[in-house]
Amino acid sequence: MVKILYFGYGANKNIDMIEAIIGRKPKGTPAKLKDYELCIQVWNEIPRKIKSILFECGWDDKFQTYCIRSKKGKEVWGTLWELTQAERDLIGHWEMHGIWFKPINVEVETFDGKNFQAETEIINDQTIKKIVKGDTDYNPFPVEKQKILEIATKIRLDKIYEFK
C-alpha cells in the first residue's frame, strides 16, 4: 500500500472531519505550512457554479470555508495525515478538485522539526478578505460541526454530486 502524506488545515485538520470524509481515523501529527496564510472564503466570494453544488449538498448562504493562499512570512497549522490513494481521492472529491480547490504539493514541518513533502489543496485567491488570526488555536469548523460531518459522510457514502 502506497502511503500518501496529506496536510489538512481548517476542518481537515480535525480527526472527526477526516473520518467523515474517508471513513476511518488515520494516523496524523501536528504540522505547519510556511509561506501561506489561512483565510475564510465567505458565500459572496464563492463561484456561482460551486454555490449550486453546495445548495444540492444541503448548504445555504451561511456557508463559508477555510482556504489557503501563498503569503511570504506567514504559516498555517494543521495536521499531517497518512492516507491511501483512495482516501486522498475522497478528500479531492470533497474539496471539488478541478472546479474549486486545486491540489498542490507542499513541504510541511512537524512539531518536532522534521520536514515532509505532502499534498494539500489551495484556492490561491488574493481577493478573499477574511484572514484567520492565530496560529494553532483557531476553530477548525467555520460552520456547524455536526452538519459538516453529516454532509461529508453522506457525500462519501452516496456520492451525492458528480462534477467530473
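In the working numbering, the protein residues as written are -2 to 161.
Glycine residues also receive a C-beta, built at the ideal position from the N, C-alpha and C atoms.
The model shown is predicted, which means the values in this text are computed figures rather than measured ones.
Worksheet entry | Nearest residue (CA-CA) to Leu87, options Ile18, Val129, Tyr6 | Measuring from the Cα of Leu87, the nearest candidate turns out to be Ile18.
Fill in: 8 Å CB neighbourhood of Ile101 in its chain, flanking five on each side removed
Taking Ile101 as the centre and dropping the five residues before and after it, the same chain places the C-beta of Glu116, Thr117, Glu118, Ile119 closer than 8 Å to its C-beta, in chain order.
Worksheet item: Which of helix, strand or coil does DSSP assign to Trp40?
Response: Look at Trp40 here: in three-state DSSP terms it is helix.
Worksheet item: Taking 7 Å as the line, does the beta carbon of Asp155 fall inside it for any heavy atom of the ligand NAD?
Response: Judged by which ligands are present, the structure shown has none, so any question about the ligand NAD falls away.
Worksheet item: Can you tell which of Val129, Ala149, Glu147 has the C-alpha that lies nearest to the C-alpha of Lys68?
Response: Ranking the options by Cα distance to Lys68, first place goes to Val129.
Worksheet item: Apart from the five residues on each side of it in sequence, which residues of its chain come closer than 8 Å, Cβ to Cβ, to Ala28?
Response: Excluding positions up to five away in sequence, the list reads Phe4, Trp74, Gly75, Thr76, Leu77, Val105, Glu106, Thr107, Phe108, Phe113, Ala115.
Worksheet item: Where in the stretch 112 to 158 do unbroken runs of the beta strand (DSSP E), each at least 3 residues long, occur, reported from the N-terminal end onward?
Response: Listed in chain order, they are 112 to 119.
Worksheet entry | Same chain only: Cβ atoms within 8 Å of Met(-2), ignoring 5 sequence neighbours per side | Thr81.
Worksheet item: Nearest CA to the CA of Cys64: which residue from Ile148, Arg21, Trp40?
Response: Closest option to Cys64, Cα to Cα, is Trp40.
Worksheet entry | Residue range of the beta strand (DSSP E) that includes Glu79 | According to the DSSP assignment, Glu79 belongs to the beta strand (DSSP E) that extends over 61 to 80.
Worksheet item: In this structure, what does DSSP give as the bridge partners for Asn102?
Response: Its beta-bridge partners are Glu116.
Worksheet entry | Per-residue burial, Cys54 [other beta carbons within 10 Å of its own, 16 or more giving buried] | Exposed, by the Cβ-count rule.
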